[in-house]
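Peer 1:
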Amino acid sequence: EAGVAQSPRYKIIEKRQSVAFWCNPISGHATLYWYQQILGQGPKLLIQFQNNGVVDDSQLPKDRFSAERLKGVDSTLKIQPAKLEDSAVYLCASSSNTGTGRTYEQYFGPGTRLTVT
Amino acid sequence: RKEVEQDPGPFNVPEGATVAFNCTYSNSASQSFFWYRQDCRKEPKLLMSVYSSGNEDGRFTAQLNRASQYISLLIRDSKLSDSATYLCAVRKYGNKLVFGAGTILRVKS
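Which chain is which? The protein sequence lines are P and E, in order.
Each number in the numbering used here corresponds to the 1-based position in the first sequence with 24 added.
Each number in the numbering used here corresponds to the 1-based position in the second sequence with 794 added.
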């Protein structure tokens with residue numbers, strides 16, 4: 025079974041530029057998550073989708089970050105304009121959420137390492 | 795107080811040693827807990843899930859202490875390949891995970 029796919033793997037941009045990340049979850053997984061992981065910290069949830077609807081975006085800086093999952097499969101996270109403090113790894117994860125127990129387990133993609141200069 | 799707290803370490807242990815990490819959480823209503831392993835510059839990989847009192851998988855044992863609100867991860871017979879950062883995660887409503895900052899383990903020969 026293919027895992028969570030993300031691209032690009034690395035991105036370097038200047039502050040005030042825009043950037044977009046793409047994620048394709050594990051086939052059949054209804055729930056998709058975007059996390060931000062700053063060096064030395066654990067991942068922090070930015071936004072959670074259930075199919076193509078937003079479940080939780082309480083920690084998404086909406087003045088500069090946006091995300092969509094139009095057809096309920098792959099997703100795009102955008103930052104515009106970027107700030108120096110956005111330098112981090114952006115991780116996408118997915119889970120099936122079809123019942124209880126193991127279906128809630130989240131599996132991560134390889135991440136996109138963003139450097140803002 | 796942070797929702798999930800871990801000792802950052804590093805824990806430096808010799809091969810073959812037994813090592814244990816603790817993770818404390820603040821929300822007493824939390825039901826599910828997870829340990830992830832993260833290698834340098836890689837994504838977190840699910841190591842163990844804890845839904846009741848504990849779980850065991852080979853050399854790895856996770857135990858939940860609800861009264862004191864912590865979960866532990868015990869690694870027996872440590873291998874060089876166990877060197878990594880171990881992240882604790884607590885599941886909240888809506889399947890939201892809250893992560894600790896991780897504990898660094900270094901196993902040396």
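By construction, the Cβ of each residue, glycine as well, lies at the ideal position given by its N, Cα and C atoms.
1) Just grab the DSSP bridge partners of residue 797/E for me.
2) For residue 79/P and chain E, any beta-carbon pair shorter than 8 Å?
3) Rounded to the nearest angstrom, how far is the Cβ of residue 47/P from that of residue 28/P, given a contact under 8 Å?
4) Residue 805/E CB to nearest chain P CB: under 8 Å?
5) Please list, in chain order, all residues of the same chain as residue 857/E whose beta carbon is under 6 Å from its beta carbon, the five residues on each side excluded.
6) Using a C-beta cutoff of 8 Å, does residue 118/P count as contacting chain E?
7) Could you check the C-alpha separation between residue 154/P and residue 60/P for me, to the nearest Å?
8) Assuming residue 804/E and residue 895/E are in contact, meaning their beta carbons sit under 8 Å apart, how far apart are those beta carbons, in whole angstroms?
9) Output needed for residue 42/P: all residues of its chain with C-beta closer than 6 Å, excluding positions within five of it in sequence on either side, in chain order.
10) Using beta carbons (cut-off 8 Å, strictly below), is residue 889/E in contact with chain P?
11) Which two residues bound the contiguous beta strand (DSSP E) that contains residue 866/E?
12) Between 829/E, 835/E and 811/E, which has its C-alpha nearest residue 135/P's C-alpha?
13) Can you tell me the Cα-Cα spacing of residue 76/P and residue 878/E, whole angstroms?
14) Ordered along the chain, which non-local residues of its own chain (more than five positions away) have a Cβ less than 6 Å from that of residue 73/P?
15) Give a yes or no on whether the C-beta atoms belonging to residue 806/E and residue 864/E are separated by under 8 Å.
16) Check whether the Cβ atoms of residue 71/P and residue 84/P lie closer than 8 Å to each other.
17) Is it buried or exposed, residue 862/E, if we count other Cβ atoms within 10 angstroms and call 16 or more buried?
18) Label residue 897/E either buried or exposed according to how many other C-beta atoms from any shown protein chain fall within 10 Å of its C-beta, with 16 as the threshold for buried.
19) Under 7 Å between beta-carbons, which chain P residues line up against residue 893/E? List them in chain order, please.
20) In or out: residue 812/E buried (at least 16 other Cβ within 10 Å) or exposed?
21) Which residues of chain E have a Cβ atom closer than 8 Å to the Cβ of residue 85/P, listed in chain order?
22) Are the beta-carbon atoms belonging to residue 113/P and residue 88/P less than 8 Å from one another?
23) Hey, would you say residue 133/P sits closer than 8 Å to residue 108/P, going by beta carbons?
Peer 2: In this structure, then:
1) The count along the second sequence starts at 1 and reaches residue 797/E at position 3. BP columns for residue 797/E are empty, so no partner.
2) Stepping through the first sequence from its first residue, residue 79/P is reached at position 55. Chain E, which has a Cβ nearer than 8 Å to the Cβ of residue 79/P, makes this yes.
3) The residue given as residue 47/P occupies position 23 in the first sequence. The residue given as residue 28/P occupies position 4 in the first sequence. At roughly 7 Å, the Cβ-Cβ gap stays under 8 Å, so residue 47/P and residue 28/P are in contact.
4) The residue you call residue 805/E lines up with position 11 of the second sequence. Not an interface residue.
5) Working through the second sequence from its first residue, we reach residue 857/E at position 63. Excluding residues within five positions, the ones whose Cβ falls inside 6 Å are 848 and 866.
6) As a first step, residue 118/P must be located in the first sequence, where it is residue number 94. So no, residue 118/P is outside the interface.
7) The shown model of chain P, from 25 to 141, leaves out residue 154/P, and the question about it has no answer.
8) Locating residue 804/E in the second sequence gives position 10, counting from the first residue. Locating residue 895/E in the second sequence gives position 101, counting from the first residue. Not confirmed; about 13 Å, so no contact.
9) Taking the first sequence and counting its residues from 1, one reaches residue 42/P at position 18. Closer than 6 Å at the Cβ level, and outside the excluded window around residue 42/P, lie 104.
10) The residue you call residue 889/E lines up with position 95 of the second sequence. Closer than 8 Å to some Cβ of chain P, the Cβ of residue 889/E qualifies, so yes.
11) Mapped onto the second sequence, residue 866/E falls at position 72. Run containing residue 866/E: 864-869, per the beta strand (DSSP E) assignment.
12) Stepping through the first sequence from its first residue, residue 135/P is reached at position 111. Closest option to residue 135/P, Cα to Cα, is 835/E.
13) Numbered from 1 along the first sequence, position 52 holds the residue referred to as residue 76/P. Numbered from 1 along the second sequence, position 84 holds the residue referred to as residue 878/E. Taking the straight line joining both Cα atoms gives about 35 Å.
14) Taking the first sequence and counting its residues from 1, the one referred to as residue 73/P is at position 49. Same-chain partners within the cutoff: 56 and 93.
15) The residue labelled residue 806/E in the question sits at position 12 within the second sequence. The residue labelled residue 864/E in the question sits at position 70 within the second sequence. No, these two residues do not count as a Cβ contact at 8 Å.
16) Stepping through the first sequence from its first residue, residue 71/P is reached at position 47. Stepping through the first sequence from its first residue, residue 84/P is reached at position 60. Result yes, Cβ atoms of residue 71/P and residue 84/P sit closer than 8 Å.
17) The residue given as residue 862/E occupies position 68 in the second sequence. Burial call: exposed.
18) Locating residue 897/E in the second sequence gives position 103, where the first residue counts as 1. Its Cβ being crowded by 16 or more others within 10 Å, residue 897/E is buried.
19) Here residue 893/E is taken as the residue at index 99 of the second sequence, counted from 1. What residue 893/E touches in chain P: 66 and 67.
20) Taking the first residue of the second sequence as position 1, residue 812/E is located at position 18. Under this definition residue 812/E is an exposed residue.
21) What you label residue 85/P is simply residue 61 of the first sequence in a count that begins at 1. Those within 8 Å of residue 85/P in chain E number zero; the least Cβ separation is about 17 Å.
22) On the first sequence, residue 113/P is found 89 positions in, with the first residue counted as 1. On the first sequence, residue 88/P is found 64 positions in, with the first residue counted as 1. No, they are not a contact pair.
23) Mapped onto the first sequence, residue 133/P falls at position 109. Mapped onto the first sequence, residue 108/P falls at position 84. Not in contact: residue 133/P and residue 108/P (Cβ atoms no closer than 8 Å).
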